[in-house]
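The structure appears right after this line, and notes come after that.
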């Protein structure tokens, strides 16, 4: 195969998982009659999550495909479907990379699960006016010490600072 292959797979939001995406890609690349002689993957927590709900998995997929020389993009269609776009010089590269990612998802599911952000810090306490004044004076003293003060005063207009 001399020409580059581009594959477009359209998945319905909320219905398809990564496993079904792999099956869809393999059908498009190998024709609808031929089946891959690759093992059927066992179900796991990550592989059964919907693509539309797991943005972390999609980011990881995009990163992995990029590292293996496969262009991969997703976009939302107006009819509520997610479009997956693959582009590579060799169709076997797309399938091999997809299989590699699926095996990695089974071995390291925590890497692809949604991360929940929990705020552990307490909210800031607002400083009193006295604390603010004390901080401002301390900063002013530090600046004066760091830059040095010229002792000569110019005609009552204030102090000159050396830079």
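Residue numbers (our numbering): 2 to 164. Glycine included, every Cβ here is placed at the ideal spot set by N, Cα and C.
From the options, residue whose alpha carbon lies closest to that of residue i
i           : options           : result
residue 59  : 78, 84, 93, 90    : 84
residue 88  : 72, 140, 144, 67  : 72
residue 69  : 109, 97, 78       : 97
residue 101 : 64, 139, 143      : 64
residue 165 : 134, 145, 66, 141 : The question about residue 165 has no answer, for the chain in this structure spans 2 to 164.
residue 86  : 74, 79, 80, 94    : 74
Residue i (DSSP reduced to helix, strand or coil)
i           : result
residue 78  : coil
residue 91  : coil
residue 49  : Reliability of the predicted coordinates at residue 49 is poor, the pLDDT of 47 falling under 50, and the value obtained from them is presented with this limitation in mind. Of the three classes helix, strand and coil, the one that applies to residue 49 here is coil, per DSSP.
residue 119 : Residue placement at residue 119 cannot be trusted, given a pLDDT of 47 that sits under 50; what the coordinates show is reported in the next sentence. Of the three classes helix, strand and coil, the one that applies to residue 119 here is coil, per DSSP.
residue 44  : Its pLDDT being 42, under 50, residue 44 is placed unreliably in this model, and the coordinates cannot settle the point.
residue 34  : Confidence in residue 34 is poor, its pLDDT being 40 and thus under 50, which makes the residue's placement unreliable; the coordinate value appears in the next sentence. Note: residue 34 maps to coil in three-state DSSP.
Residue i, buried or exposed, once every other Cβ within 10 Å from all chains shown has been counted against 16
i           : result
residue 62  : buried
residue 103 : buried
residue 130 : exposed
residue 92  : buried
residue 134 : exposed
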